[in-house]
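Chains A and C supply the protein sequences, listed in that same order. Numbers given in the working numbering equal positions in the first sequence, counted from 1, plus 22. Numbers given in the working numbering equal positions in the second sequence, counted from 1, plus 22.
There are 2 protein chains.
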Amino acid sequence: MADQQQLFIKIALSTWDLQVKRAEKIFNDLSDEQLMADIAPGKNSGIYLLGHLVVVHDMILPLFGLGKQLYPDLQKPFLDSRDKSGLPFPTVKELRQYWNDVHNVLTAQFSKMQPDEWFQKHNSVSAEDFMKEPHRNRLNVILNRSNHLSYHMGQVILLAKTNKE
Amino acid sequence: MADQQQLFIKIALSTWDLQVKRAEKIFNDLSDEQLMADIAPGKNSGIYLLGHLVVVHDMILPLFGLGKQLYPDLQKPFLDSRDKSGLPFPTVKELRQYWNDVHNVLTAQFSKMQPDEWFQKHNSVSAEDFMKEPHRNRLNVILNRSNHLSYHMGQVILLAKTNKE
Numbered sequence: 023m024a025d026q027q028q029l030f031i032k033i034a035l036s037t038w039d040l041q042v043k044r045a046e047k048i049f050n051d052l053s054d055e056q057l058m059a060d061i062a063p064g065k066n067s068g069i070y071l072l073g074h075l076v077v078v079h080d081m082i083l084p085l086f087g088l089g090k091q092l093y094p095d096l097q098k099p100f101l102d103s104r105d106k107s108g109l110p111f112p113t114v115k116e117l118r119q120y121w122n123d124v125h126n127v128l129t130a131q132f133s134k135m136q137p138d139e140w141f142q143k144h145n146s147v148s149a150e151d152f153m154k155e156p157h158r159n160r161l162n163v164i165l166n167r168s169n170h171l172s173y174h175m176g177q178v179i180l181l182a183k184t185n186k187e
Numbered sequence: 023m024a025d026q027q028q029l030f031i032k033i034a035l036s037t038w039d040l041q042v043k044r045a046e047k048i049f050n051d052l053s054d055e056q057l058m059a060d061i062a063p064g065k066n067s068g069i070y071l072l073g074h075l076v077v078v079h080d081m082i083l084p085l086f087g088l089g090k091q092l093y094p095d096l097q098k099p100f101l102d103s104r105d106k107s108g109l110p111f112p113t114v115k116e117l118r119q120y121w122n123d124v125h126n127v128l129t130a131q132f133s134k135m136q137p138d139e140w141f142q143k144h145n146s147v148s149a150e151d152f153m154k155e156p157h158r159n160r161l162n163v164i165l166n167r168s169n170h171l172s173y174h175m176g177q178v179i180l181l182a183k184t185n186k187e
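What follows is the structure, given as structure tokens:
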């Protein structure tokens, strides 16, 4: 069972890692100026999506009971509000640093987690609901966050000069 | 072990089903005319992305050894070629039907698969590589296809009138 369990964890984490690496490549290939633009006329800006992804990933820390959010101040402009709310944003340079900080902490924390911990419930499911829906565990969260990341990276790539799929 | 295995299959398949359902809602909410437009100036059209997703999902059938592709003719215009290649496309109406056909067959085939089959290699991994990388199984493919779908749906949603995230 331990082998099988570790295989599941590897599948889920490698999906997450792959999407995070792809996202980093896309963000690194875009200049700060490119990220200030809107992905399409009247739609979200690159900087908003970068901040949004940083805050959503940062919130995995309290959700998994791994610690406090590193940058709780990002929640208001990048999660509770839509783009162009008028709220001040950090610079792209700062957000790039926050992205690195959040992912470095997540990688370090994930590497310390025991296999069983991945199958435990996350902090937004009640013990009662978890009894009924045991798939609502941390691995499930990681897979959902991977898809959320992919969704927005399909938008951020539109800021690149070439028409990549 | 059987319980654990089935739990993981449920997690992976529920991730896939969720993304497919979200995609269907987005496609159904868009008119044929909206899908003929480009997601952003100079980028892919909605109809191209619909055809692209149909063919990529259709190819899961041979990849898993579950049967032949239903619509192999879509491969040339929607996978081997970029958008605006000049190759003829089916109508949006036809592609919507193909989407339904492919997903109906996938759902029926997936429901017949035994738990162990999800952990078997897919047809594009050699037996030798699978020995070394046992996580390259069918569940892994489903998770990667979910992320691919999310990536493109982040683009298709740009065709909607309101600025949804």
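For each residue, glycine too, the CB sits at the ideal point set by N, CA and C.
How would you write the range of the alpha helix (DSSP H) that residue i sits in, first residue to last?
i	result
Gln119 of chain C	Val114 to Lys134
Gln91 of chain A	Premise fails: Gln91 of chain A is in no alpha helix (DSSP H) and is neither H nor E.
Gly108 of chain A	From DSSP, Gly108 of chain A is part of no alpha helix (DSSP H); its letter is neither H nor E.
Pro84 of chain C	Ile82 to Leu85
Asp102 of chain A	Here Asp102 of chain A belongs to no alpha helix (DSSP H), and DSSP marks it neither H nor E.
Asp138 of chain C	Pro137 to Trp140
Quick one: which chain A residues come within Cβ less than 7 Å of residue i?
i	result
Phe30 of chain C	Phe30
His157 of chain C	Leu29, Lys32, Ile33 and Ser36
Cβ closer than 8 Å: which chain C residues qualify as neighbours of residue i?
i	result
Ala149 of chain A	Under the 8 Å cutoff, chain C gives no residues; its nearest Cβ is about 17 Å from Ala149 of chain A.
Gly176 of chain A	Ser172, Tyr173, His174, Met175, Gly176 and Gln177
Thr37 of chain A	Asn162, Leu165, Asn166 and Asn169
Name the chain C residues whose beta carbon is nearer than 7 Å to that of residue i?
i	result
Asn162 of chain A	Ile33
Gln136 of chain A	Within 7 Å Cβ-Cβ: nothing; Gln136 of chain A doesn't reach chain C, min ~15 Å.
Gln41 of chain A	Asn169
Please check the pair residue i and residue j, which I expect to be a contact at CB under 8 Å, by giving their CB distance rounded to whole angstroms.
i	j	result
Ala34 of chain C	Ile164 of chain C	5 Å
Tyr173 of chain C	Ser172 of chain A	4 Å
Val127 of chain A	Val76 of chain A	So it is not a contact: roughly 12 Å between Cβ atoms.
Gln41 of chain C	Gln177 of chain A	No, Gln41 of chain C and Gln177 of chain A are not in contact; Cβ-Cβ is about 16 Å, not under 8 Å.
Please determine, among the options, the residue with the shortest C-alpha to C-alpha distance to residue i.
i	options	result
Trp3 of chain C	C:Arg104, C:Asp80 and C:Val147	In the structure as shown, chain C starts at 23 and stops at 187, and residue 3 of chain C therefore has no counterpart that could be examined.
Gly68 of chain A	A:Arg160, A:Ser148 and A:Ser53	A:Ser53
Lys98 of chain A	A:Val114, A:Lys115, A:Val78 and A:Gly87	A:Val78
His144 of chain C	C:Ser133, C:Pro137 and C:Arg160	C:Arg160
Leu117 of chain A	A:Gly64, A:Ala182, A:Met58 and A:Leu85	A:Met58
Lys65 of chain A	A:Glu150, A:Lys154, A:Lys106 and A:Gln136	A:Lys106
Gln26 of chain A	C:Asp151, C:His170, C:Trp140 and C:Ser172	C:Trp140
Leu96 of chain C	C:Glu55, C:Pro110, C:Gln28 and C:Lys115	C:Pro110
Gln119 of chain C	C:Leu72, C:Ser103 and C:Asp39	C:Leu72
Val114 of chain C	C:Met153, C:Lys183, C:Leu181 and C:Gln56	C:Gln56
Leu83 of chain A	A:Gln131, A:Ile31, A:Lys183 and A:His74	A:Gln131
Arg44 of chain C	A:His170, A:Ala182 and A:Arg44	A:His170
Ser36 of chain C	C:Gly89, C:Thr129, C:Asp102 and C:Ile48	C:Thr129
Phe30 of chain C	A:Tyr70, A:Ser148, A:Asn162 and A:Asp151	A:Asn162
Met135 of chain C	C:Ser103, C:Ala62, C:Gly87 and C:Val42	C:Gly87
Lys183 of chain A	C:Ile48, C:Lys47 and C:Pro63	C:Pro63
Asp138 of chain C	C:Pro156, C:Ser146 and C:Pro112	C:Pro156
Met175 of chain A	A:Ile61, A:Lys32 and A:Gln28	A:Ile61
Given that residue i touches chain C, what residues does it touch there, using C-beta distances under 9 Å?
i	result
Gln56 of chain A	Near Gln56 of chain A there are no residues of chain C at all, since even the closest Cβ is about 14 Å away, more than 9 Å.
Using a cut-off of 8 Å between C-beta atoms, extract the partners of residue i located in chain A.
i	result
Ile61 of chain C	Ala62 and Leu180
Entirely enclosed beta strand (DSSP E) segments - the stretch 53-78 of chain A, minimum 3 residues | none
What are the start and end residues of each continuous alpha helix (DSSP H) run of 4 or more residues lying completely inside the stretch 146-178 of chain C, in chain order?
-> 149-154 and 160-178
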